[in-house]
Amino acid sequence: MWKILLILTMSWLFSASAHAESVILSDGSVLKGQILKDTPDSLVAETSFGTIRLGRQDILSVQAESASTAEPSATKPVPRLEESYGVDEDRAATRLIARVWGEDTAAAFQQMDRTACATFLDIAWEKESRLLHTYYYGYHLGLRHFTVSPAFFERDGMIPRRYVSGFPTIHDVTVRKAKEYAREILRINPDDAVAMGALGYLCLELDEIDEARKLFTKAVQKNRRFVEARNGRALAYMRMHHQKARALKLFRETVAMDRTYVGALYAMGMCHIAMMGHDRVGLDEYFGRIVEADPNHPDAYYKLGAFNEALRRMDRAAEMYSRQLAVNPSHRKASERLAQVSMMLKGASEQALTHDELERLSGQDPSTYLPLLAESFIDRDDYERAGDCFSRYIAALPAEESAHYSDLSLLADPKTVEEIDTAYPREERRRLIRQFWVLADPTPTTPLNERKIEHHRRVYHARKTFADGIDRLSLLGWDKRGDVYIRFGAPDHQSWSDFLVFETKPAVAKVKNRINHLAHDALLEILPPRHLHGASVTIGGGRQVSSDVRGIPTFPLPRRTTIMSDGVETGYEWESWIYGDVGGGIEVTFIDEIGKGFYAFAQTPPGSPNRLLWQSLAPETVVGRIVNKQPSTYSHDHGGDPIGLFAAFAAFRGDDGKSDFEVYLGVPTSDASGGGGEAILEREVTVYDRNWNVVHREAKTLRETVEPDRQDGLVVDQLNVALRPGEYLVAAQVRQPSTGGIQIHKSPVMVTDYTGAQTVALSDLELAGRVSPAQGASKFRKGSWEVVPLPTQSLSADTPVNLYFEIYGLTRDDFGKTNYQVDYEVETQAGGLSIVSTLGRLIGQGPDDLKSRVSYEHTGDTGDEKMNVSLSLPEASGPAARITVRVTDLGATGHPSAHRSMELTIAE
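Here is the structure:
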């Protein structure tokens, strides 16, 4: 090993020629020289200090270098020992080398000149103990202005979580190893102030604060200009109880001695953050000085970004985060906060990152930028790619994290949540989850579920924005703000305890005015009269107070005694949200009572004379009242105004044990044509089975010429699907492409089983707008008839009721004949009384069961019959009618029967 170290040392003295080659050694080191001989067992290279033979076991690879990379200016400068490195330091170095690498290496080191010694110390200690190199030998090599690791400032909640960058800590084993080397140097040379400083910094890394303070104090006494020791002493006081003010004073003294000491400037800024907590006064000045002294600082821009974000200056925060990533691309928190701020700016119709930038960044850092790219796709109405982004993002998450995205407890009502949670087996639970999402889908005819995508967006926002105060060991994913956000989405208005925002939007102001009015004689509990704005009103005792509270919650909050410069009493950190459309308009106030960024609902103050009022306005009460009626809200932009859509369904016996299920759709001609001469509709139909899987999906564009006198008519379409008997959900959507008009319909249906019936059976009833002899192929053809459906299920009183239905399973006698009776019953409502029809004879006596019936007896030659009938509605019919068709098999024993009913609307 010592031979390799010596080789490395000498290689730094060698300036490569234009045809130099690099030999990468087994320990990762690089030796530059000119290859003279290359054999299977060894390699011979010419260096400035002679010819070297290296065994193949010590070589990883050999690489040729271009002239540009071999220029001396591109190589690391040759290390040089400063005057601080004297005889005592050299003696200590030799003895430590002997201990670590052996006496032979120490003897070789003693034979080197000062330049070679510098190179050896630089390379050897950087590899053996980077910390000792940083804090001790680096000082003697001119690499000064060092400080503690950035993770030092993030221990034990020393600074608010907002400013934590998440730097990795140095492993204790690494620190203790360097600490032992530093102690050995001090044992050899007890008066070595630099070694005292090095040991002090290592003690700081191990949180041995008092020992560090003593070492730094002693080092400063020995060398008053030793600014690194002064910085270390201030750092030690910074970690001591009630000593931050003293630490800040010591930092200022250090910086005053050397204004280029960036490490001390950074430590001073961190001390200011630790002292002031959430009070941001002066923070931009401290870190502004840092980036001025070092424009490439690896963390200062992030602190400035967090500072501006706290002040809601999102555009400035985005700029700072972007600058941080430009100089330190590996800054994870800057990347995350830039993504979050970009999301907030997008919500405010601003933009920090372009879509192309997000696509590029999501490829480089998908865990940070995929959700933001998904939002960008949502803005472009590209839900397919947005859903793909979220799917990829969630798939890469650990199980405990991805569980937040599948949890439905904030979306579904308690009964549904309990049903899902207790479902067994697992497939039944999956079925219920699929059911929930299908029913929640605003576009159930498409493969996309925009509501689910929006849920993923809200959960991501809650995890990134409302989880700062969550204990990492807690099962909670966010605080109460996250609960409300996931249920109701982004509020229409927000105000903060440290950033008051007045309610200026009309919808928001309307809500605020209403709540102020409710609380007008209790406003003194919110603020003293001098802080109430607006028109004065008189309350009990003749006192004059304002009825107008702006920028702060209309709800009493706990207060402390400190008075801010504007006269507003400060209490705990709070946020106020106002929703204009949720629950008729609500205000929800959250409060951080423990000062850790964990927000809960503000509670009703105990002992208040207006306790009943505040209980009714309490955030938990208000939210709970809404959740009981509607657990969550979402409004999807379908991109057009609603148009008319009527849907009806009927099932008939099919082949192979299936039923021919027919979907009838009707759109008013004026909506379908957009007022033009051609009706154009983009129609989509999707059918879900009982397990909420898609069994049929079909899309089609309909075109139909519209006569000028038919603008008040109906464009009718029919879709036939072969389905097995059972429960289904049918979803239909129509869109008029030129106007953007759209309508969606969802209906649960039951498809009857007509196979294997032992007695007579009757199909569903189809209400027809027209029945005529069939002429050629048509989607409306049924046998020899063309039956055009009437999906409106509505008729005028003077329009006949055209019905089509089928009869199955009639009994045939010995001559192959069937004998059956068909009864038609019509019941209408007018003023709450039934009207007797002229259609047939009176059945029953009371006004509540007045019906009309007509009966026909038929004979036939087949067991199945296709029938259509035209019935007249009674005179003076009311707004609704119920038509029942009953078939009785007169040829079967016992005269079994089957019936079907249909509800109709009677138009005036």
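Taking our numbering, the leading residue of the sequence shown gets 169, the next gets one more, and so forth.
Cβ atoms here follow ideal geometry from the backbone N, Cα and C, with glycine treated the same way.
**Asked** Expressed to the nearest angstrom, what Euclidean distance is found between the alpha-carbon atoms of THR1027 and TYR988?
**Response** Going by C-alpha positions, THR1027 is about 6 Å away from TYR988.
**Where ALA1060 falls: helix, strand or coil (DSSP)** = coil
**Asked** DSSP on LEU668, reduced to helix/strand/coil?
**Response** coil
**Prompt:** Run through DSSP, which three-state label would TYR896 get?
**Reply:** strand
**Message:** Judging by CA-CA distance, which residue of MET425, CYS557, ASP378 is the nearest neighbour of TYR405?
**Reply:** ASP378
**Request:** Return helix, strand or coil for ILE546, following the three-state DSSP convention.
**Result:** Under the three-state reduction of DSSP output, ILE546 falls in the helix class.
**Request:** Give me whichever residues DSSP pairs with GLY223 in a beta bridge.
**Result:** SER210
**Item:** Among MET512, TYR470, SER510, the one whose alpha carbon lies nearest that of PRO497
**Value:** TYR470
**Item:** Limits of the alpha helix (DSSP H) - the one that LEU370 falls within
**Value:** 361-373
**Message:** Could you check whether LEU472 and ALA507 sit closer than 8 Å to each other, using their CB atoms as the reference points?
**Reply:** The answer is no: Cβ separation not under 8 Å.
**Message:** Excluding the 5 residues flanking GLY450 on each side, which residues of the same chain have their C-beta closer than 7 Å to its C-beta?
**Reply:** Same-chain partners within the cutoff: HIS440.
**Request:** From the DSSP output, in three-state form, read off GLU1071 for me.
**Result:** Here GLU1071 sits in strand by DSSP.
**Message:** Please classify THR1061 as buried or exposed, where buried requires at least 16 neighbouring CB atoms within 10 angstroms.
**Reply:** exposed
**Message:** Is it buried or exposed, GLY843, if we count other Cβ atoms within 10 angstroms and call 16 or more buried?
**Reply:** exposed
**Asked** In the DSSP assignment, what residue or residues form a beta bridge with GLY1028?
**Response** THR986
**Asked** Of the choices VAL423, LEU870, ARG858, whose alpha-carbon is the least far from that of SER915?
**Response** ARG858
**Message:** Can you tell me which residues form a DSSP beta bridge with ASN684?
**Reply:** ASN684 is not bridged to any residue.
**Whole-angstrom distance between HIS688 and VAL902, CA atom to CA atom** = 50 Å
**Message:** Mapping the DSSP letters down to three states, classify GLN389 as helix, strand or coil.
**Reply:** helix
**Message:** Determine whether the beta carbon atoms of TYR976 and VAL955 lie at a separation below 8 Å.
**Reply:** no
**Message:** Assuming ALA818 and ASP921 are in contact, meaning their beta carbons sit under 8 Å apart, how far apart are those beta carbons, in whole angstroms?
**Reply:** Under the criterion of beta carbons closer than 8 Å, ALA818 and ASP921 do not qualify as touching, at roughly 15 Å.
**Request:** Within the segment 543-604, note down every full alpha helix (DSSP H) run reaching 4 residues or more, in order along the chain.
**Result:** 551-563, 567-574, 582-589
**Request:** Could you spell out the range, first to last residue, of the beta strand (DSSP E) harbouring ILE746?
**Result:** Run containing ILE746: 741-747, per the beta strand (DSSP E) assignment.
**Item:** PRO916 - DSSP class collapsed to helix/strand/coil
**Value:** strand
**Prompt:** In three-state terms, what does DSSP make of LEU882?
**Reply:** Note: LEU882 maps to strand in three-state DSSP.
**Contacting residues, own chain, Cβ-Cβ under 6 Å from TRP664 (five flanking each side not counted)** = GLU743
**Asked** Rounded to whole angstroms, how far is the Cβ of GLY753 from the Cβ of LYS648, which I believe are closer than 8 Å?
**Response** Their Cβ separation, rounded to whole angstroms, is 20 Å, which puts GLY753 and LYS648 out of contact at 8 Å.
**Counterpart residues of ILE291 in DSSP-defined beta bridges** = ILE291 is not bridged to any residue.
**Of the listed residues ALA350, LYS620, LEU372, VAL343, nearest to GLU257 (C-alpha basis)** = Taking each of ALA350, LYS620, LEU372, VAL343 in turn and checking the Cα distance to GLU257, the smallest one comes out for ALA350.
**Prompt:** Beta-carbon separation of LEU416 and MET443 under 8 Å?
**Reply:** Yes, they are a contact pair.
**Asked** Candidates MET425, ASN399, THR1030: which alpha carbon is nearest GLY437's?
**Response** ASN399
**Member of LYS868, PHE634, GLY657 whose CA lies at the smallest distance from the CA of LEU833** = LYS868
**Request:** Would you mind stating whether GLY1031 and ARG980 have Cβ atoms separated by less than 8 Å?
**Result:** yes
**Prompt:** Which whole-angstrom value describes the C-beta separation of VAL756 and PHE829, a residue pair presumed to lie in contact below a C-beta threshold of 8 Å?
**Reply:** Between PHE829 and VAL756 the Cβ distance is about 47 Å, and since that is not below 8 Å, they are no contact.
**Prompt:** At which residue ranges does the segment 830-869 contain complete beta strand (DSSP E) runs of 3 or more residues, listed in the order of the chain?
**Reply:** 846-856
**Message:** Does LEU668 pass the burial test, meaning 16 or more other C-beta atoms within 10 Å, or should it be called exposed?
**Reply:** Exposed, by the Cβ-count rule.
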